[in-house]
Every structure is written in C-alpha cells, then in structure tokens.
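Using the working numbering, the letters of the sequence shown correspond one by one to residues 548 to 857.
Written out below as structure tokens is the structure these notes cover.
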Amino acid sequence: MRRTAVTLASSLAVVPLLALPAQAGDRVLPFVFTSDRDGDSEIYRVRADGRVVQLTSNDVHDGDAVWSPDGRELAFVSDRDGDLEVFVMDADGSDVRQLTHNEATPDAAAWDHSPDWAPDGDALVFVSDREDPEGDIYRMAADGSEQTRLTETPFVTDYSPSWSPNGRHIAFGSTQAGIDNPEVYRIRTDGSGLRRLTRTADGIWDDNPEYSPDGRTIVFSSNRGGADRDLYTMRADGGRVRELTGEVGVDEWFPAWTPDGRQVVYWSLTLDGSARDTAWTVDRDGTDPRPLTSGESNDSFPDARPPTGR
C-alpha cells in the first residue's frame with residue numbers, strides 16, 4: 548500500500564554503515580545520502596557516531612536531500628503524491644511537509660526538484676517544469692509560499708541551482724549555449740543579472756555548481772577532461788579553473804562542500820556498471836579521495852551536515 552507523508556520518527560531504522568565514513572582525526576563526517584539499500588530510493592543520515600539512520604521508508608522515490616543552514620531540517624524530493632515534488636522534514640525524519648504542488652497533465656510529467664536553501668534558511672530555490680517542459684529555476688519561501696519563476700528562456704534547460712553564501716547570487720547549469728553545451732551561469736536572486744561563468748566547446752558539459760562556504764569558490768562537474776565527468780573548482784567569477792578529481796572510467800558529480808570548506812562530498816559511479824554507485828569525499832586540493840559508503844546498494848547525492856546541526 549502506498550504511504551502518505553507521515554511522521555516517521557517512531558519507526559526509524561538504525562542500521563550499520565557498510566563502510567565507515569571519512570574521519571577527521573577521531574571525528575566522523577555526518578552526512579545524508581540517497582540509497583536503494585532497502586529496495587526503494589530512500590534517505591539516510593549518518594550520525595556523528597558513524598551509525599546510519601533511515602529517515603524515509605515507503606515504496607516511492609525519496610532522495611536528493613539537502614541540509615538547512617541551521618541543520619534542523621532537510622529539503623528533499625519525493626514522488627509520494629504521484630508527481631516529483633519538493634518536501635521538507637525535520638532532521639530526524641519527522642514532520643514531513645510538502646512545499647510544491649505541480650500537477651501532471653496527460654501530455655507531460657510534472658517535476659519539481661533540486662532544492663537548495665538560502666543562507667538564512669528563509670527561502671529555497673528549485674527547478675520546475677510547470678511553465679516550461681525544459682525546466683526553469685524558481686524560488687519560494689521556506690514554508691512553500693511565494694513561489695516565483697526566476698528564469699524563463701524558451702527551449703533552454705536551467706537546472707542544479709546553488710545559492711551563494713552571501714545570499715546575492717544563484718549559480719546553475721543551463722543549456723543557453725546549446726543543448727550539447729551546458730555551462731555554469733549565475734543570476735541575482737530576483738532573476739536579473741545573468742552571467743556566464745564557464746565557456747567550453749560543443750559536447751562539453753559543465754554543470755552541478757556548488758558554492759563553497761566562504762563563497763569564493765565554486766565546485767562543478769564537467770567532462771572537459773575526457774569521456775567521463777570529473778569535478779573541477781573555479782573562482783566564483785569563473786576564473787582559475789582547476790581539476791579536482793580525474794579517475795578514468797568513473798563519473799564524479801553532484802558535489803557538495805563540507806561545512807568547513809576543507810572537503811567535497813560527491814556521487815561516484817562507474818561508466819561500465821562494474822561497481823555500485825557510491826558516496827565519496829575528497830580534500831579541496833584534490834588529495835585523499837576516499838569512499839564514504841560501499842557494499843551492494845547504490846548510494847548517491849551526499850550532503851554534509853552544517854556545524855550547527857543536531
């Protein structure tokens with residue numbers, strides 16, 4: 548039977564992690580991630596003691612969770628109401644609230660996804676195809692009200708938004724340069740001031756940007772180094788691009804910074820399917836890459852916990 552949005556705190560499962568998280572000294576890196584380890588796509592949380600708590604449990608898709616700036620809530624994506632929508636829950640999996648209500652039509656699916664928090668926690672940005680099947684960037688208040696469209700270029704896909712720590716800009720991937728040439732762009736939070744940050748040739752994909760905690764650096768994924776996707780960093784103005792990861796035959800994407808800005812967590816998958824998807828971390832200078840998870844499940848979309856989180 549299909550489950551609805553309910554409080555899950557009383558029935559959360561605590562299960563051993565299949566591989567210990569990366570540690571800084573004696574400290575475990577707390578993070579959330581998406582996994583199919585119980586058969587469906589669910590959201591899990593790694594606690595500071597290295598244990599894993601299952602935050603969602605149903606027969607639908609739940610995933611792509613991101614911490615609120617104060618660490619008390621998680622925004623995530625679910626199709627539990629029949630369409631892909633943005634939800635928020637408390638960090639322990641309780642008090643699930645649906646923020647978007649994008650109704651599908653007979654001719655098109657309805658997707659609201661890829662949420663990211665404003666630095667003060669009062670608003671979120673997300674992607675929706677409600678007015679354009681290609682997808683645009685929207686913003687809304689943290690309670691789901693005041694939903695406003697920020698981008699609206701016909702026949703262009705805008706996706707993977709990231710809010711800058713100073714609250715002034717939103718970086719995102721976009722096909723404005725061509726369907727085979729996604730680049731990283733930024734806008735002001737009212738949708739004005741479009742600026743292109745990366746410039747590459749057709750067939751090169753630059754996307755999945757994420758601002759560092761100090762706002763000076765953006766990490767993003769790109770296939771500019773070959774057939775697979777690697778992680779790169781650049782200044783927030785688009786200058787000084789540097790390769791961060793470069794394992795051959797592996798896609799490394801959907802990066803997120805640790806709260807201290809010293810590491811990047813990301814999703815890694817082999818192009819030939821020879822290994823399961825895993826969550827990884829790497830130091831900000833590209834050294835010491837190591838897995839956060841392992842085993843027979845597919846683990847993806849890691850996001851590290853803010854230092855003020857519980």
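Quick reminder that beta carbons are idealized off the backbone N, C-alpha and C, glycines included.
With distances taken between CB atoms, is the gap from residue i to residue j smaller than 9 Å?
i    : j    : result
V811 : L791 : yes
L816 : S847 : yes
P853 : F580 : no
D611 : V624 : yes
G738 : T764 : no
L818 : D775 : yes
E620 : G668 : yes
G720 : D753 : yes
G499 : D777 : Because the chain in this structure spans residues 548 to 857, residue 499 falls outside the shown range and cannot be described.
P577 : V593 : yes
Q723 : T700 : yes
R735 : H716 : yes
V635 : A689 : yes
Near residue i, which residues of its chain fall below 8 Å by C-beta distance, leaving aside the five closest residues on each side in sequence?
i    : result
N713 : P666, G762
E650 : D630, A657
V674 : W658, D659, H660, S661, G682, D683, I684, Y685, D705, Y706, S707, P708
A803 : V613, E757, V811, V812, Y813, P849, D850, A851
D679 : E699, P701
G773 : V795
R782 : R763, T764, I765
Leaving out five residues on either side along the sequence, give the residues of the same chain with a beta carbon under 6 Å from the beta carbon of residue i.
i    : result
S844 : S582, D583, R584
T647 : E632, V633, D659
G750 : D727
S769 : D753, Y779
S759 : W804, G808
H608 : S588, D626
R771 : T747, I751
Count the other CB atoms within 10 Å of the CB of residue i; is the residue buried (16 or more) or exposed (fewer)?
i    : result
I726 : exposed
R598 : exposed
D705 : buried
G640 : buried
R627 : buried
T825 : buried
R677 : buried
F702 : exposed
E693 : exposed
A603 : A quick correction: the sequence has Thr, not Ala, at residue 603. By the neighbour-count rule (16 or more Cβ atoms within 10 Å), T603 is buried.
D784 : exposed
A822 : exposed
In chain order, what residues of the same chain lie with their CB nearer than 7 Å to the CB of residue i, ignoring the 5 residues before and after it?
i    : result
R789 : Y779, T780
D663 : V613, L671, V672, P708, S709, W710
R742 : Y732, R733
P836 : T792, W827, V829
G740 : I734
Q645 : A552, D628, E632, F634
Assuming residue i contacts residue j (C-beta within less than 8 Å), just tell me the rounded distance between them.
i    : j    : result
W800 : N728 : Not confirmed; about 17 Å, so no contact.
Tell me, please, whether the stretch 827 to 836 touches the stretch 793 to 809 by the rule of three or more beta-carbon pairs shorter than 8 Å.
-> When C-beta atoms of the stretch 827 to 836 are compared with those of the stretch 793 to 809, three or more pairs fall below 8 Å, so the two segments count as touching.
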